[in-house]
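Worksheet for the structure shown next.
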Amino acid sequence: MMVPVRCFTCGTVVGEHWEEFKARTREAEEPEDPEKVLDELGVERHCCRRMLVSHKDLVDIVAPYQ
Amino acid sequence: MTEEYEVEFVDLGEREATFLVRPITPAFANGIRRAMIADVPTFSIDTVRFIENSSVMFDEQLGLRLGLVPLSTPPGEFEEGEEVTLSLDVEGPETAYSGDLVASDPMVEPADDNIPIIDLKDGQRLELEADAVLDSGREHAKHQGGVAVSYRHLQTVEVVGERGEFAADDPHVLRGVIEEQEADAAADADAQNGDLVPTDAFDNDLTNRYPEKELDVHDIEDAFVFNVETDGSFDVETLVLEAVGSLETRADELKEAVQL
């Protein structure tokens with residue numbers, strides 16, 4: 057549904073980076089490379105990186121069925 | 005017996021630090037690591053009373069997300085089991101963030117303000133009251149103060165000769181912190197023997213620092229480099245001190261129990 061608050065493996069807070077990550081890699085006029093965006097956001101370990109890279113936001117899809 | 009520990013900070017930030025401790029046995033280093041993760045108490049939301057929740061997520065899902073939000077925990081002010089109340093009131097169309105939580109005690113506040121809790125659409129509303137409890141990581145992972153705590157040996161690089169002219173040109177990757185002992189062979193002009201050099205200073209590739217040399221890497225016994233990160237509940241210094249303090253408390257309690 058919403059982006060997980062913390063990385064499942066190590067526990068670092070990754071929820072705060074989701075909106076910027078989504079804006080820069082999908083919604084921007086020139087989508088950037090996710091690898092570069094994650095590096096710039098300071099998301100280092102691959103356990104934390106996969107939390108953002110592989111997240112599917114379902115909130116908007118579920119909303120009409122409420 | 006008393007030990008003189010040598011502690012040197014390689015890198016110090018508010019939430020992250022790398023430091024060397026020696027001499028320390030692997031068992032004690034592991035004990036400190038475990039204490040940092042599981043024994044240092046933090047505040048986290050535990051009980052939530054919903055006044056209105058018309059969002060797409062169930063009460064329990066929101067409760068989980070709220071529990072995982074890190075709250076600042078001033079050391080020594082509270083006892084384990086004490087509660088602090090926080091409240092949240094957001095109306096759509098808007099996103100409720102962790103920064104919208106209002107605490108009854110200004111010392112206990114969300115450590116990060118822009119963690120999205122839930123996306124509210126038009127006409128939806130979230131109003132709740134939550135109790136944050138001081139408890140340790142042992143009880144629930146949300147109370148973990150230290151995230152990504154690790155330690156590794158301090159290593160040293162020895163030059164054992166020149167690289168053969170037909171040897172492969174592969175990068176020699178090493179991560180961690182090295183103690184310089186071959187300053188003359190180093191590519192860095194300011195290198196001195198005894199310097200602590202983090203490997204990302206030379207891109208983790210030893211062939212950048214010692215070009216054209218054949219190298220042998222050794223672990224320095226009893227010298228460990230800790231890499232500690234906190235989730236924002238407190239700073240690194242507090243975390244380490246509280247962790248060591250908790251070990252001391254446990255040892256004292258055992259001593260009392262054993263004494264006849």
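Chains A and B, in that order, are what the protein sequence lines are. For the first sequence, counting from 1, position 42 maps to 98 in the working numbering; every step adds exactly one. For the second sequence, counting from 1, position 64 maps to 68 in the working numbering; every step adds exactly one. The C-beta atom is built at its ideal place from N, Cα and C for all residues, glycine as well. All of these numbers come straight from a predicted model, not from anything done at the bench.
Closer than 9 Å to chain B by CB, residue i
i              : result
V99 (chain A)  : no
D95 (chain A)  : no
M57 (chain A)  : yes
V69 (chain A)  : yes
V109 (chain A) : no
R62 (chain A)  : yes
D89 (chain A)  : no
Own chain partners of residue i with C-beta closer than 8 Å, once the 5 adjacent residues on each side are dropped
i              : result
V109 (chain A) : P90, L94
Y9 (chain B)   : V25, R26, P27, I28
S140 (chain B) : A42, D43, V44, P45, T46, E84, H147
Residue-chain proximity (residue i, chain A), Cβ-Cβ < 9 Å
i              : result
M61 (chain B)  : yes
I14 (chain B)  : Correcting the residue identity first, residue 14 (chain B) is Val in this sequence and not Ile. No, no contact with chain A.
A191 (chain B) : no
P202 (chain B) : no
L178 (chain B) : no
A152 (chain B) : yes
A268 (chain B) : Any property of residue 268 (chain B) remains undetermined from this structure, which presents chain B solely from 5 to 264.
Q263 (chain B) : no
Q148 (chain B) : yes
Collapsed DSSP secondary structure at residue i in the structure displayed
i              : result
A136 (chain B) : strand
R62 (chain A)  : strand
F228 (chain B) : strand
R156 (chain B) : strand
V70 (chain A)  : coil
N208 (chain B) : coil
D265 (chain B) : For residue 265 (chain B) there is no data in the structure shown, the boundaries of chain B being 5 and 264.
P114 (chain B) : strand
A195 (chain B) : coil
G141 (chain B) : coil
I119 (chain B) : coil
F77 (chain A)  : helix
E7 (chain B)   : coil
A39 (chain B)  : helix
Own chain, CB closer than 7 Å to residue i, minus 5 neighbours either side, in chain order
i              : result
M180 (chain B) : Reading off the sequence shown, one finds Gly at residue 180 (chain B), where the question assumed Met. Excluding positions up to five away in sequence, the list reads R156, Q159, T203, V229.
R167 (chain B) : E216, K217, E218
P175 (chain B) : D209, T211
A21 (chain B)  : F13, D15, V232, V240
Sequence-distant residues of the same chain with beta carbon closer than 6 Å to residue i, five excluded per side
i              : result
P74 (chain B)  : A115, D235, G236, S237
L105 (chain B) : L90, L92, P114
V137 (chain B) : D50, E87
C103 (chain A) : C63, T65, C66
E162 (chain B) : D220
G71 (chain A)  : V59, V61
A185 (chain B) : It is worth fixing the name first, because residue 185 (chain B) is Gln in this sequence and not Ala. Hits under 6 Å: T160, N197.
E18 (chain B)  : D239
E133 (chain B) : R53, S91
Check: residue i C-beta below 8 Å from any heavy atom of the ligand FAD
i              : result
E257 (chain B) : Annotation note on the ligand FAD: not contained in the displayed structure, which lists no ligands.
>> Please identify, using Cβ separations under 7 Å, the residues of the segment 117-128 of chain B that lie next to chain A, in order along the chain.
In response: Flagged, chain order: N118, I119, P120, I122, D123, K125.
> Is the segment 239-252 of chain B touching the segment 35-42 of chain B, taking contact as three or more C-beta pairs under 8 Å?
Replying inline: Judged by Cβ distances under 8 Å, the segment 239-252 of chain B makes contact with the segment 35-42 of chain B, as three or more pairs qualify.
> Is the segment 230-240 of chain B touching the segment 113-128 of chain B, taking contact as three or more C-beta pairs under 8 Å?
Replying inline: Segment contact: the segment 230-240 of chain B against the segment 113-128 of chain B, three or more CB-CB distances shorter than 8 Å; contact assigned.
>> Can you pull out the residues from the segment 229-250 of chain B whose beta carbon lies closer than 8 Å to at least one beta carbon of chain A?
In response: Within the segment 229-250 of chain B, those residues whose Cβ lies closer than 8 Å to any Cβ of chain A are, in chain order, E233, D235, G236.
>> Assess contact between the segment 116-136 of chain B and the segment 55-72 of chain B, defined as three or more Cβ pairs (one per stretch) separated by less than 8 Å. Is contact present?
In response: The segment 116-136 of chain B vs the segment 55-72 of chain B: in contact.
>> Please list, in chain order, the residues of the segment 63-85 of chain B that have any C-beta partner in chain A closer than 8 Å.
In response: Taking 8 Å as the Cβ-Cβ cut-off against chain A, the residues of the segment 63-85 of chain B that qualify are Q65, R69, L72, V73, P74.
>> Residues of the segment 71-84 of chain A in Cβ contact with chain B at a cutoff of 8 Å, in chain order, please.
In response: Near chain B, meaning a CB-to-CB distance below 8 Å, the residues of the segment 71-84 of chain A are G71, E72, W74, E75.
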